[in-house]
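In our numbering, the protein residues as written are -5 to 123.
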Amino acid sequence: MRFDAFLAAPLHVQAHALAAIGALVLGLSLYTVARGRLAHRTLGLSMAALLVITLLTAFFIRTDGGAMSWIHGFIPLTLLGLFGIAMGVAGKDWQRHKNAGRGLIFGTLLIPALFTLMPGRLLHQVFFG
């Protein structure tokens, strides 16, 4: 592993990666705790906070030409997922909450995480040199 590549990246890229990884870990850990309990709510709110950090920092990550990359297409999906989770809780619509949560964890965290391992991306450099 090449942590020097990560440490050489701009601070907003480091914050983005750490927040996204943290959100993914917390999101997956939600499956290990009882729903509706304090642990589930705490992990869920923490994951949501990390997702907001991930979203905000994503706006500052640009290609060499100054444009956003195609992976930024996950930004509106993440916003919709966060909205769906919040509306599910507010309306006590637990099925909506559950579906939005799964969509966030798998559709806007796990899948983009796999894309970040593609050659030419920072995490590919970190893990595969």
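Ideal Cβ placement from N, Cα and C applies to all residues, glycine included.
This structure is a prediction, so every number in the text was calculated from the model and none was measured.
Out of Val27, Ala61 and Thr72, point me to the one whose CA is closest to Leu45's CA. Locating residue 45 in the sequence shown gives position 51, counting from the first residue. Cα-wise, what sits closest to Leu45 is Thr72.
My guess is that Phe68 and Thr102 are in contact by the Cβ rule of under 8 Å, so how many angstroms apart are they, rounded? What you label residue 68 is simply residue 74 of the sequence shown in a count that begins at 1. What you label residue 102 is simply residue 108 of the sequence shown in a count that begins at 1. Sure, about 5 Å apart at Cβ, within 8 Å.
Runs of 4 residues minimum, wholly inside the segment 23 to 72: which ones carry the alpha helix (DSSP H) assignment? 32 to 52
Counting C-beta neighbours from all protein chains within 10 Å, is the total for Gly30 16 or more, i.e. buried, or is it exposed? As a position in the sequence shown, residue 30 is number 36, starting the count at 1. Classification of Gly30: exposed, given that the 10 Å Cβ count is below 16.
Could you say which of Thr51, Ala13, Val27 and Phe0 lies nearest to His6 if we only look at CA atoms? Against the sequence shown, residue 6 aligns to sequence position 12. Measuring from the Cα of His6, the nearest candidate turns out to be Thr51.
Judging by CA-CA distance, which residue of Ser63, Leu32, Ala11 and Ile79 is the nearest neighbour of Ala42? On the sequence shown, position 48 is the one that residue 42 refers to. Closest option to Ala42, Cα to Cα, is Ile79.
Looking only at its chain, what residues have a beta carbon closer than 8 Å to the beta carbon of Leu116, apart from the 5 residues adjacent to it on each side? Start at 1 with the first residue of the sequence shown, and residue 116 comes out as number 122. The answer, listed in chain order, is Ala(-1), Phe0, Ala3, Val7, Ala11 and Thr110.
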